[in-house]
Structures are given as C-alpha cells and as structure tokens.
Amino acid sequence: MSSTEQGTSSAAPAEPTTAPESAAAPEVPESFYYVHGKDKVVHKVSAGALQHSALIHGMISNLGYTEEQAKANPFPFENIDGDILQMVVDWCNQHKGKPTPPEDTNLPKQKEKLFDLVLAVNYLEIKELLTYCCKQVAMMVKGKSPEEIREIWMIPTDAEDEAAEKEAKKRAGKEAAGETAAAAGDAK
Amino acid sequence: MFLFDWFCSKNEQNEKPTITDMPYSVMSQILDKVGFLGTLNLRKTCKTFRNFIDDVKPINDLKQLRITLGHFYVQVEVFLDKNGYDTDKCSFVLSYQQAPDDNSWLIFKLVDDEVEFVKKMDEGEFIDAFFHDFESILKNQKSKLAYLKIKADSFVPFDFYREIKSEPQSMLSRCLCPRRKKSEETIIVTANEANRGHKKSVSETINRLETILKCRSVPLQTKRLLLMVFESSQVIQILRYVKTEELGALQPTREADLSEKKRNLRFDEISKCETYENIRDIRVLDFVVTNPISDFLDKPVLIIRRIHVSEDDILNLKRAFLTSSHLKRWQLQYEDSEGDGSIHDILGRMPHEEQEKWFYGIPNSTEVLCIQSGYQTVLERVTVSFTRINLVDVPENAWVDWE
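If you read the protein sequences in the order shown, they are chains A and B. To convert a position in the first sequence, counted from 1, into our numbering, add 621. To convert a position in the second sequence, counted from 1, into our numbering, add 135.
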C-alpha cells in the first residue's frame, strides 16, 4: 500500500512519504512516479505497479525521468476523486507483478463509489480492474425485476427521459442564443 | 472522459455518476456480464436501454432453445450455462397457449416441475405472445448456442380425434382444467383434418421465424440444429440463416402420402451458403436427399435417406473413405428396391457372419474402414454404413482386406 500526503498544488507537490519496501530488495533499483487526483494528494507508485494502467504506462515508457524529475512532475488526474485514485493505486500495488485472480471481492459495495471507480479505471485503462468492476456492476441487478433494476441503477422511465431530453435541448438552445447575442454585442 | 453518449439525457444535476454516465464501451462490458435473464429484464426498463442492448447485442449465457410448435400452443425450453450468471435458474420452460376462450391466451412458466401462471391476455394470439418474447432473442443472440431445436409437434396418427369444442390441446391446460362437463359439446375430426390446421399454423410460424432470422446481419450460431418439420422446404428455410456444425432433420410423423416435392430434400439452393459449408455432421432421416453422393464428400459424418443406392455410389464411397482421413462415419438408408443381393454382389458374400461387416485396411494408417450392411425392419430400409475405426477395434477373427 502506498502512503499519501496532502499536496498544495500539482506544480509543487508536497514531499510524499516513503513507498512501501518490498520484502526482498530488488537487484535493480525500481523507479517511482507520482500521481495525484482532484484532492491534490500525491501518491508515489512504482513503475511496476503502474504497468497495470495502459494510459500511464504509455506516458512513462519514454520519459526516462530521474527520481527528482518524477517528484517534480506528478501526473495530474483532476477528473478523479482522491479516494478513488487511492483505491486504484492500492489495487495496482497489491497486484504488482502478480497474475490477477479470477475474482476480486474488495471492490466498493456502494454504487456511487463503484461507478466513480469504473469511470476512473476506464480512463486510466486498467483492463483487469475494469473487468472486475463491470462484473460487480452487473451483479447489482442479478435476479432483479425491471422495476427494481430501474431503481438500483437510477434509470429514468421513458417519460422522464424524454422530459429530461427536452429540457436539455431547451437549455442548449437558450445558451446558444445567449452566446449569439453576446457575440453580436462584442461586434458592436 | 466519456467516450460516447449512448444515453439521451445524461445525468447533469447530480454530482455522483449513475449508470447513464458510463461510456459506451464500459456499458457494453457491463452488459456482457449481466446474463441472459438480466438482459431481458434490462430491455424492459426503458427505450434507450432496449435500443442499446439491441445495438450492442451483448454476449450471454443462453445455451439451448428447444421450441415445440404444438396444436394451439408453443412451448420453449430454455437452458442457460450452468457456470454462467444465473446458476440458480439453469433451465425453465415457457408455454404459450390458446385459452379455452378463443379470444385470449395464457403464458405459463415451469421451473423444477412447478407450474407458475405468468399472464393472461384477452387480445391477440398465443403465437404473437411467443414472438413478442422471442423475436428480439432470435434476432440479437450473439453468443453461440449449444443446441437449437425447432420441433413441429404432431398428433399420434389415430384415425379419428374426439375433441371438446374450443378445448385447447396442450397437456398443461388439461392438467389445469381436468374436469370435463358432461354437457360439453364434442366434435369428431379425422387425423388429417386435425393436422391440416396445425400444419398451416406451423408453416406460418416457420415463415415468421425465417423472416426474423433473415433480419440478422450474421447468422444465428449453434453447435447442433435439430429441425422436426413437415416439409423439406422448411428445413432449407431455417438452415439458410442458422450456422450450425451438426444438422438433424426429421418429420414429426412419417407420412406415406407426402408429395415428392415435400418429401425430397435437395441442398443445391444453399450449398454455397456459409451456413451449409460450416456443417460437419448431417443426419436427415425422414426426407429423401436427392443430391448426388459426391456433393457430401466434405462432410465427415452423414446419415441420409435415399431412394436408391447404386453400385457406383458404394464403390466410390469405399474409395473415398480409404483415401480421405476426414471422412468418419456415413450411413445411407434406402428402400430395398434392388433386392437383397446387391451389396453382397458388390462387396462379396460373408455367409458365416450374423452381422454383416467388411473390413478394409488403410495403408500407412492405424485405422480400418468398416462397411456394414443391415436392414431396419420398422423403417423398411436397407442401411449401409461406412466407418473408419481403429485397427485394434476390429474383432479378432475378422478378415481384413489389404487390397
């Protein structure tokens, strides 16, 4: 598990606490990178753990950062909540260099958290974790009636959906009209 | 962050994401794990989900569909993967049937031999109810099935039937209303009359099934396909749009008065179809297959009925089996119009063998060709089988020809 510390900004991250030591010291020193989410808390993660994320792995593969450079340039993921990023980092650390098991029972049960996690994992392109998450989401509706599914997944009825769609179109129309008026005002 | 908007109205007010905020690719992955029954229920939640499911066609754990087209009812046995999503509901039966009152229909569900009443409707017909439920399944099923059976049920060919007027014929409704009023009006119809109406409705149902399967962009896939239909053309109607490895075709009852057109089955029309080329195993027992034997030499397993098998057919097949290792087991069934002697004249007599078998050694192989002749008394047909067997399975005292 990686430890974290509250940072002040992405440009000048706070000094993170040391990363967990593996039981046996590796022969070649492992490189570490730094990531932070919406809450700016910086997480120190090994390159090995980050290999799970195709997005980050692609970003770091040709960087050749030194420890100082990596520390000074943490990867900002402003669209991911801090606690969700923590979950992702923990999962990557736990499964570093290990074959992934067929099941993962440690995923959040709370649906909002799970949906947040799914979006984050999809964005970071962590294939195995996304598979577990999708399975967990699917299991939420197992054996449920259409009405129950609608409630669990908060699916609007056709009528609600149509009303929301109309509202969204109306709002978009108003915004466009506002923008046109503002542009005309600027031109004058 | 979002790859594709699949849902019309996105969640904008709530900060927390909901299922409608999932990107297209993620939602597809989720649907792949929802399972067959879950997907059916999801389709009923709203229009957008229904359209999305029909567009994505998620993989599911549906393994077998056994559809029985009965007189005044359709019964569908559904089998799911035992290791799949719905392990507690691996199989169930749905029965759609005409109610005693002709203007309504009923749906029953059977799980573990327990009948559960599902629905009664006063409009439409039971067959429409069946298609309402299964059209989307047949149209959108992407995962390969293990078995698809479409069986037209038939009456036992008694001479006459005594029917209660407007009484449904299914076993289910008989169980549900076992007491018959003494004053109830009964009518007597001949077997032919009773079957005529049924055959017409089967024909219409097969046409509708064909139309549904035709709409698919790729053929429905199954390992085994069994068709029990009244006419040979109905085999082609379905087979054209179903990709299968094994095909079985039968008739509900053997009918002596079946016209040649309805009895003869010729694969010419579809022989270039992908669905036909994929078949490795053909078993057509009641229809007479009229293609030349050479048309089937790419099929490892074949059991077909012919009017006549010539000496050339037998010798050519013997040669093909000796030279082609992909041929495994063939059986030709034919009417013995040429008399008892023909197969023996071709292959030589084996007077001391009760079960007549000829063994031919295959050079550079551990296999041996076994040709066996027999007579099926019930069917009144001669059978000739060609089978490649292991040399070790040849009986000790049998004579193997290493010509």
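Think of the CB as a built atom: it goes at the ideal place given N, C-alpha and C, for glycine as much as any other residue.
In whole angstroms, what is the alpha-carbon distance linking residue i and residue j?
i	j	result
B:D480	B:I449	11 Å
A:I677	A:L745	7 Å
B:M157	B:K244	35 Å
B:V246	B:H443	47 Å
B:L215	B:I194	12 Å
A:I705	A:E651	25 Å
B:R315	B:T325	Confidence in B:R315 is poor, its pLDDT being 44 and thus under 50, which makes the residue's placement too unreliable to answer from.
B:D536	B:Y495	5 Å
B:Q283	B:E212	It should be noted that the sequence gives Leu, not Gln, for residue 283 of chain B. Going from the Cα of B:L283 to the Cα of B:E212 covers about 10 Å.
B:P152	A:A741	11 Å
B:K179	B:G173	10 Å
A:G794	B:I272	40 Å
B:L360	B:F252	30 Å
B:E339	B:A264	15 Å
A:N714	A:G669	8 Å
A:A798	A:A759	42 Å
A:A691	A:K665	10 Å
B:E502	B:Y469	27 Å
B:E446	B:I478	8 Å
B:V250	B:V209	15 Å
A:D782	B:K434	54 Å
B:N532	B:I497	18 Å
B:L344	B:D268	13 Å
A:K791	A:K732	31 Å
B:Q372	B:N499	43 Å
B:V519	B:L229	41 Å
A:A789	A:D779	15 Å
Might you give, ordered along the chain, the residues of its own chain that have their beta carbon closer than 8 Å to the beta carbon of residue i, omitting 5 neighbours on each side?
i	result
B:G259	W240
B:L432	A455, S459 and L462
B:N413	K378, T379 and E380
A:L728	L735, L738, Y753, C754 and Q757
A:Y686	S652, Y654 and N694
B:P354	L348, Y376, V377, K378, E409 and T410
Considering only DSSP beta bridges, list what residue i is partnered with.
i	result
B:Y411	Answer by DSSP bridge pairing: none, since B:Y411 is not bridged.
B:V419	B:A384 and B:I439
B:L505	Note that residue 505 of chain B corresponds to Cys in the displayed sequence, not to Leu. Paired residues: B:F494 and B:T522.
A:H657	A:V663 and A:P697
Which stretch, first to last residue, makes up the alpha helix (DSSP H) that contains residue i?
i	result
B:S477	S477 to L482
B:F269	F261 to N275
B:I285	Where B:I285 is concerned, there is no enclosing alpha helix (DSSP H), although the beta strand (DSSP E) it sits in stretches over L280 to A287.
B:Y159	Y159 to D167
A:S712	The question names Ser, but residue 712 of chain A in the sequence shown is Trp. Counting along the chain, the alpha helix (DSSP H) containing A:W712 begins and ends at G703 to Q715.
B:K244	Taken as a continuous stretch (DSSP letters only), B:K244 belongs to no alpha helix (DSSP H), being part of the beta strand (DSSP E) at W240 to V246.
B:R398	E395 to R398
What residues in its chain sit with their C-beta under 6 Å from that of residue i, if we drop five residues either side in the sequence?
i	result
B:Y510	V517
B:F521	L452, F456, W465 and I506
B:V436	D416, K463 and R464
B:L311	Caution is warranted here: a pLDDT of 46 is assigned to B:L311, below 50, making its placement in the model unreliable, and the coordinate value is therefore given only provisionally. Cβ within range, chain order: n/a, list empty.
B:L200	L283
A:E688	none
B:A281	K198, Q199 and K358
B:K396	none
A:K717	G669 and A670
A:D725	Y753
B:P427	none
B:C225	L215 and K217
Looking only at its chain, what residues have a beta carbon closer than 7 Å to the beta carbon of residue i, apart from the 5 residues adjacent to it on each side?
i	result
B:L385	M363, L420 and D421
B:K349	Y376
B:F365	A287, K334, V337, Q386 and P387
A:T801	none
B:V191	S163 and L166
A:S631	With a pLDDT of 40 at A:S631, under the threshold of 50, the modelled position of that residue is not reliable, and the figure given next carries that caveat. Excluding positions up to five away in sequence, the list reads H657, K661, P695 and P697.
B:I188	L166, T174, L177 and R178
So the beta strand (DSSP E) residue i belongs to, where does it begin and stop?
i	result
B:F227	S226 to Q233
B:K254	E249 to M256
A:I747	Premise fails: A:I747 is in no beta strand (DSSP E) and is neither H nor E.
B:G205	L197 to G205
B:T357	L355 to M363
B:F456	No beta strand (DSSP E) holds B:F456; the alpha helix (DSSP H) holding it covers E446 to T458.
B:E212	Y208 to L215
> Relative to chain B, which residues along the region 762-781 of chain A have a C-beta separation below 9 Å, given in chain order?
Replying inline: V762, K763, G764, K765, S766, P767, E768, E769, I770, R771, I773, W774, M775, I776, P777, T778, D779 and E781
>> Please list, in chain order, the residues of the region 725-736 of chain A that have any C-beta partner in chain B closer than 8 Å.
In response: For the region 725-736 of chain A, residues whose beta-carbon sits nearer than 8 Å to a beta-carbon of chain B comprise E733 and F736.
> According to a CB-to-CB cut-off of less than 9 Å, which residues of the region 176-193 of chain B neighbour chain A?
Replying inline: N176, L177, R178, K179, T180, C181, K182, T183 and F184
> Between the region 787-800 of chain A and chain B, which residues of the former have CB atoms less than 7 Å from a CB of the latter, in chain order?
Replying inline: A789
> In the region 256-278 of chain B, which residues sit with their C-beta less than 9 Å from some C-beta in chain A, listed in chain order?
Replying inline: none
>> So if I threshold CB-CB distances at 8 Å, which residues from the region 154-170 of chain B count as touching chain A?
In response: I154, T155, D156, M157, P158, S160, V161, Q164, I165, L166, D167, K168, V169 and G170
> For the region 743-759 of chain A, which residues have a CB atom closer than 8 Å to at least one CB atom of chain B, in sequence order?
Replying inline: N743, Y744, L751, T752, C755, K756, V758 and A759
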